[in-house]
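Structure first, commentary second.
2 protein chains.
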Amino acid sequence: MKDSYHHGDLKSTLIDAGVKLLSESGMEGLSLRKLAREVGVSHNAPYMHFADKEAVLAAIAEQGFLLLGEAIDAGQLQLSDQSIEARLQAAAQSYVNFALNHPDHLMVMFGKLDSAAYPDLIETAHATFNKLVTIMQVGHQSGTLVDQPAEQLAMLFWTNVHGLSALLIAQKIPEYARQKLTNEAITTWSIQMLLTGILRN
Amino acid sequence: MKDSYHHGDLKSTLIDAGVKLLSESGMEGLSLRKLAREVGVSHNAPYMHFADKEAVLAAIAEQGFLLLGEAIDAGQLQLSDQSIEARLQAAAQSYVNFALNHPDHLMVMFGKLDSAAYPDLIETAHATFNKLVTIMQVGHQSGTLVDQPAEQLAMLFWTNVHGLSALLIAQKIPEYARQKLTNEAITTWSIQMLLTGILRN
DNA sequence: ACCTGAACACCGTTCAAGT
DNA sequence: ACCTGAACACCGTTCAAGT
């Protein structure tokens, strides 16, 4: 706050402030001018480091994928057992938990960004995705998973937990469908169904 | 355009214009003032019919759930066979198809709306959800589905197709995970996995 | 190189006024 | 009741100017 001139790392300071603003005031509360004000800098100092607002959002999104990846890793470290079921259940809880704690951040991460224009964002998102692929590969090695490409299984898992997160955030799940289940219980049940299938066998 | 004064149904005219603007210019292109201009009315005539911009978005979202419901119904009418597999595959294709054709509309539908403030929106969304519940109930009657509440199975299906749609729209699925599969093939494969599970049996 | 202030075209919303 | 125009406080972005 003191030397607003030349304070070294305005770029990452702006990103951090953006993440903070996002969790406080939500998506619509995030403006470039407010961001600059927050950091104590003129309203177009950000343009020294970002082409436009979308570029700032892309950087914030990238930060989100990093945090999500860390959350998944943290969950994998405290497993009760090493089975694929336990791994996937832990990863699912990490994902949904992150989503519910940072709904607006998730929105930016999956918003309409010209992703081709932000290679760093793509790379980080893929790195996070790869954590899921790795889990599926472990499942393959132990012979517990169906014989399908690990990448596709990871994608399937991702679509599941992401869709669940989106519906929980948007509160689009009718109460009569929730049956008093907690978010955690719904997540556990969903993964269980994904593992065993919904067809009677 | 002639008698801009008293043209009868400004409310639904605005909603239709909003849906059109959404598919043409995307989310950021949708402003109340532009909407009014498009319809040929003063920039705050919309306030005669809507409390604020969010209320307009809620109405547009509701229209989206109606269209999505119709798309699902249409898909169910041209089934090759009546099995639960065929029904769910058709519903999934309808959903993903709608999502890819109206990505910004879907975003509004699942955006952050104070859903409690828009009971009509909730009701319409639930009505669309109920179409999925009905399909699951049919599955239960034919004894082909696992013994779990139809509402929860519908929710599981919904999270699947919605998550898949979101990831396809955001282009967050790495090419190496797609394996040259078309969107339709990915959808078919995902539902197949959901039906049979990903655990080796 | 890094930052600022003035300026431009837009926005959502409010309000007094018109028919 | 329905619509309008002026006004306010905010945006994102550009540009000439300052250090």
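Chains as they are written, first to last, in the working numbering: chain S, 1 to 201; chain G, 1001 to 1201. For each residue, glycine too, the CB sits at the ideal point set by N, CA and C.
Checklist line | Under 9 Å by beta carbon: chain S residues contacting S998 of chain G | finding: Because chain G here runs from 1001 to 1201, residue 998 of chain G falls outside it and cannot be looked at.
Notebook entry, point to check: Does the beta carbon of M27 of chain S come closer than 8 Å to any beta carbon on chain G?
Noted result: yes
Notebook entry, point to check: So, do the segment 111–129 of chain S and the segment 1141–1151 of chain G have three or more beta carbon pairs nearer to each other than 8 Å?
Noted result: no
Note to self: Report the start-end ranges of each alpha helix (DSSP H) in the segment 1086–1168 of chain G that is 4 residues or longer and not cut off at the edges.
What the structure shows: Fully enclosed alpha helix (DSSP H) runs of 4 or longer: 1103–1109 and 1119–1141.
Next item on the list: Alpha carbon to alpha carbon, how far is T124 of chain S from L1113 of chain G? Give it in angstroms, no decimals.
Entry: 29 Å
Item checked: Where S4 of chain S sits in the DSSP three-state scheme -> In this prediction, S4 of chain S scores a pLDDT of 41, lower than 50, which makes its location untrustworthy; the coordinate-derived value is nonetheless stated afterwards. S4 of chain S: coil per DSSP, three-state reduction.
Notebook entry, point to check: With which residues is L199 of chain S paired in a DSSP beta bridge?
Noted result: Among the bridge pairs identified by DSSP, L199 of chain S is matched with G:L1145.
Notebook entry, point to check: For I169 of chain S, which residues from the same chain have a beta carbon less than 6 Å from its beta carbon, with the 5 sequence-adjacent residues on both sides left out?
Noted result: P103
Note to self: Just to confirm, is the Cβ distance from I1191 of chain G to A1074 of chain G under 8 Å?
What the structure shows: No, the pair does not count as a contact, with Cβ atoms beyond the cut-off.
Check: Under a three-way DSSP split, which group does I186 of chain S fall into?
Finding: helix
Checklist line | H1126 of chain G vs L1022 of chain G beta-carbon contact at 8 Å | finding: no
Notebook entry, point to check: Run through DSSP, which three-state label would A1084 of chain G get?
Noted result: Looking at the sequence itself, residue 1084 of chain G is Ile, so the reference to Ala does not match. In this structure, DSSP gives I1084 of chain G a helical state, which the three-state scheme calls helix.
Check: Using a C-beta to C-beta distance shorter than 7 Å, which residues of chain G count as neighbours of T159 of chain S?
Finding: N1160, G1163, L1164, L1167 and S1190
Check: Do the segment 69–88 of chain S and the segment 38–58 of chain S meet, that is, are 3 or more Cβ pairs less than 8 Å apart?
Finding: no
Next item on the list: Out of G:D1147, G:N1044, G:I1015 and G:V1138, point me to the one whose CA is closest to A1061 of chain G's CA.
Entry: G:I1015
Margin query: Taking the straight line between their C-alpha atoms, what separation do you get for T144 of chain S and W1189 of chain G?
Written below: 19 Å
Notebook entry, point to check: For the candidate residues S:Q89, S:F98 and S:K53, whose alpha-carbon lies nearest to that of L67 of chain S?
Noted result: S:F98
Margin query: Give me, in chain order, the residues of the same chain whose beta-carbon lies closer than 7 Å to that of K187 of chain S; leave out the 5 immediate sequence neighbours on both sides.
Written below: According to the sequence displayed, residue 187 of chain S carries Thr and not Lys. Cβ neighbours of T187 of chain S beyond the five flanking positions: A92, Q93, V96 and L164.
Margin query: Please report the straight-line C-alpha distance between A1177 of chain G and N183 of chain S, rounded to a whole angstrom.
Written below: 29 Å
Check: Could you check where the alpha helix (DSSP H) with Y1176 of chain G kicks off and where it finishes?
Finding: Element bounds for Y1176 of chain G: E1175 to R1178.
Next item on the list: Taking only the alpha-carbon atoms, compute the straight-line gap between S1025 of chain G and W158 of chain S and give it to the nearest angstrom.
Entry: 29 Å
Notebook entry, point to check: What number of angstroms, rounded off, separates the C-alpha of M1048 of chain G from the C-alpha of L10 of chain S?
Noted result: 45 Å
Check: Which chain S residues sit within Cβ distance under 9 Å of L1106 of chain G?
Finding: Near L1106 of chain G there are no residues of chain S at all, since even the closest Cβ is about 10 Å away, more than 9 Å.
Margin query: Can you list, in chain order, the residues of its chain with a C-beta nearer than 7 Å to that of P46 of chain S? Leave out the 5 residues immediately preceding and following it.
Written below: L14, L32, L35, A36 and V56
Margin query: Quick check on A170 of chain S: does DSSP put it in helix, strand or coil?
Written below: coil
Notebook entry, point to check: If we ignore side chains and look at the alpha-carbon of each, how far apart do H43 of chain S and V19 of chain S end up?
Noted result: Cα to Cα, H43 of chain S sits roughly 18 Å from V19 of chain S.
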